[in-house]
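Engineer: The structure under discussion is supplied below as structure tokens; questions concerning it will follow.
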Amino acid sequence: MVYAPDYPDAAERQQKVRDQHLTGIKELHDAGDVGGALLSPTSIEPGAIKPEMVGSMVVLQATSHVEVRKRIESDIYWTSDVWDRERLVILPFAQAQFPNLSLHSHLLFPCTSRFHSLETNLCRYHS
868 MVYAPDYPDA AERQQKVRDQ HLTGIKELHD AGDVGGALLS PTSIEPGAIK PEMVGSMVVL
928 QATSHVEVRK RIESDIYWTS DVWDRERLVI LPFAQAQFPN LSLHSHLLFP CTSRFHSLET
988 NLCRYHS
């Protein structure tokens with residue numbers, strides 16, 4: 868699992884290379900990897916006009932930390948200084964296994980309520 872926060876001033880650079888980034892990650896998507904943009908908490912509030920991207924998250928299938936890092940460092944967002952290199956997080960991820968449960972049901976869901984800043988807590992749910 869990769870958490871790649873954006874630099875605070877990256878919005879303009881991100882927009883310039885977004886199409887190249889999407890072209891580059893299509894292969895990952897086609898291979899079954901899951902990822903996307905992380906949005907600021909205000910992006911989901913009623914009346915929000917435009918989502919504010921604050922980073923990216925991806926779950927990659929890989930055999931090592933080195934392989935994941937190579938993929939991330941070859942992405943246009945990395946080479947164009949969109950992703951904050953000092954705050955990048957790469958962690959192993961093990962998908963939960965549910966006997967007798969279809970993979971199409973509720974394994975992935977947006978964290979849309981009762982969360983702290985994405986920049987500091989990776990959308991941790993607090994009860």
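Letter by letter, the sequence shown follows residues 868 to 994 in the working numbering. Glycine is no exception: its CB is placed at the ideal position from the N, C-alpha and C atoms.
1. For the region 892-900 against the region 922-929, are there 3 or more C-beta pairs whose distance is under 8 Å?
2. Rank V921, M868, Q882 by C-alpha distance to the C-alpha of I943 and give the top, closest one.
3. Under the DSSP definition of a beta bridge, which residues are partnered with L906?
4. Please report how far the alpha carbon of P872 lies from the alpha carbon of L955, in whole angstroms.
5. Which of the three DSSP states, helix, strand or coil, is assigned to D897?
6. What would DSSP say about H932, mapped onto helix, strand or coil?
7. Less than 8 Å between C-beta atoms, sequence neighbours within five positions excluded: which residues of the same chain meet that for D948?
8. Can you tell me whether G922 is buried or exposed, with buried defined as 16 or more other CB within 10 angstroms of its CB?
9. So, is the C-beta of S941 closer than 8 Å to a C-beta in chain C?
Structural biologist: In terms of the structure at hand:
1. yes
2. Q882
3. M920
4. 7 Å
5. helix
6. helix
7. Y874, A877, R880
8. buried
9. No chain C is part of this structure, which consists of one protein chain only.
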